[in-house]
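Visitor: Protein chains in written order, with full-length UniProt numbering: chain G, 1 to 187; chain S, 1 to 118.
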Amino acid sequence: MAETVVFAVCAVGAVASGAAVFVVDSMARATFALLASFLFAAVPLLLLELSYLGVLVILMMVMEMMVMVVFMIMYMMNPAGLMPMSMVHNKAGSLAVAAVTFAVLAAGVFLVPWPAREGSPPADPTRQLAEAIMGPHMLVMMLVGMVLFATMVASVVLSTPRGRYDRYGDDLKRTRPDDPIGGGLGR
Amino acid sequence: MTLEAFLLLAAALFSVGLFGALSQQSVVMVMMGLELMINGVIVAAAALWYFVSPERPDGQVLVLVAITAMAVEMAAGFAVTTAIFRARDIDMVDAADDLGDRRQEQGQEHGQSREQDR
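1) Per the DSSP calculation, S:M92 is bridged to which residue(s)?
2) Using the rule of at least 16 other Cβ atoms within 10 Å of the residue's Cβ for burial, across every protein chain shown, is G:S51 buried or exposed?
3) Residues of chain S with CB closer than 8 Å to the CB of G:M87, please, in chain order.
4) Can you tell me whether S:S15 is buried or exposed, with buried defined as 16 or more other CB within 10 angstroms of its CB?
5) Taking S:Q25 as the reference, which of G:H137, G:M76, G:T101 and G:L39 has the closest Cα?
6) Nearest to S:L64 by CA position, among S:A47, S:M32 and S:I42, is which residue?
7) Should the stretch 42-54 of chain S be regarded as contacting the stretch 172-180 of chain G, the criterion being three or more beta carbon pairs within less than 8 Å?
8) In terms of residue numbering, what span does the alpha helix (DSSP H) encompassing G:E131 cover?
9) Using Cβ-Cβ distances below 7 Å, what residues of the stretch 137-163 of chain G are close to chain S?
10) Residues of chain G with CB under 7 Å from S:V80, in chain order?
11) What residue from S:M92, S:A21, S:M37 and S:M1 has the CA that sits closest to G:L46's CA?
12) Quick check: the stretch 66-79 of chain S against the stretch 52-65 of chain G, are there 3 or more CB pairs under 8 Å?
13) Return yes when the Cβ of S:L8 is within less than 8 Å of the Cβ of G:V12, no when it is not.
14) Let me know if G:T31 comes out buried or exposed under the rule of 16 or more other beta-carbons within 10 Å of its beta-carbon.
15) If we ignore side chains and look at the alpha-carbon of each, how far apart do S:R114 and S:D101 end up?
16) Can you give me the start and stop residues for the alpha helix (DSSP H) that G:V9 sits inside?
17) In its own chain, which residues sit with a C-beta less than 7 Å from the C-beta of S:F85, not counting the 5 before and 5 after it?
18) Does the structure place the stretch 63-71 of chain G close enough to the stretch 99-109 of chain G that three or more beta carbon pairs sit under 8 Å?
19) Please work out which residues of its chain come closer than 7 Å, Cβ to Cβ, to G:F7, disregarding the five sequence neighbours upstream and downstream, and give them in chain order.
20) Any beta carbon from chain S within less than 8 Å of G:K173's own beta carbon?
21) CA-CA distance, S:A12 and G:V88?
22) Less than 8 Å between CB atoms is the rule here; does G:S120 satisfy it with respect to chain S?
23) With a cut-off of 8 Å, does the C-beta of S:D101 fall near any C-beta of chain G?
24) Quick one: what does DSSP say G:T24 is sitting in, helix, strand or coil?
25) For the stretch 105-119 of chain G, enumerate the residues whose C-beta is nearer than 7 Å to any C-beta of chain S, in chain order.
26) Can you find a C-beta in chain B that's less than 8 Å from the C-beta of S:I38?
Printed below as a string of structure tokens:
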């Protein structure tokens, strides 16, 4: 019974703060509304006995939103919500598409005959996940690692102001790159 | 707590995120909408693991992949935002619609607009 109440409160809170993200004027406030939505949505994971994944979502989201708020302030169109301005386009159309999507998904939730439960949760779901990604599902873990590494490289390459033409000249024929701080040994 | 309740929560989160991703003009706000959508996927995957096949770890692995997708989306999204802001001083999605048909109204050098003028 207590679990149902907690779930209901968190579900309503997650959706309400998720909607608040696109309602509040200040983009910094929007970031913290999104953080609240993620924290509310992580509690149902904890209710499903997924303690590791629930805590992982909470920790990751707290850090991610701290990073995000910096970017939000960098690219903020409406500082602190002091200037009321519209930051949306085609609001009615988007609202209609979102409402229809929700109606279709909700109809599917109640119309689809979901399969009966097979077995019961293991005593330690974290151990089950760990044995899976270090055993039969190791390919997933390897791909995730490679994707994260590629993302690190790609995000640095994309966000650096200097490209290869700055370093090697317009015809890319410079033998030594023209860097403000040279790399390597003996510089 | 039932599977339907969790899936309904996931559907609501997904729809709210979809509204944001479609309606927001700021690139960063669009990314927030996408994050909400992925969050719905996480809730749905976790609920399906618990209520359908808790003996197999597949649902948990799917949650892990969705969390990774969320992190990658944010990192790559901010890098793209920084790149396009550096290159062209753009922080609105409306200003980056090079492939859209709205440019016809602006430039006469555009091939299609010349055809329309004839």
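Ideal Cβ placement from N, Cα and C applies to all residues, glycine included.
These numbers were taken from a predicted model, which means no experiment stands behind them.
Guide: For this structure:
1) S:S26
2) exposed
3) Q24, Q25, S26 and M29
4) buried
5) G:M76
6) S:I42
7) no
8) P125 to I133
9) H137, V140, V144, V147, L148, T151, A154, S155, L158, S159 and P161
10) L158
11) S:M1
12) yes
13) no
14) buried
15) Low local confidence applies: a pLDDT of 43 at S:R114 is under 50, so the model's placement there is unreliable, with the coordinate-based value given in what follows. Cα-Cα distance, rounded: 13 Å.
16) A2 to V21
17) D91
18) no
19) P44 and L47
20) no
21) 20 Å
22) yes
23) no
24) Note on residue identity: the sequence assigns Val, not Thr, to residue 24 of chain G. Of the three classes helix, strand and coil, the one that applies to G:V24 here is coil, per DSSP.
25) L105, A106, V109, F110, W114, P115, R117, E118 and G119
26) The structure shown contains no chain B; its protein chains are G and S.
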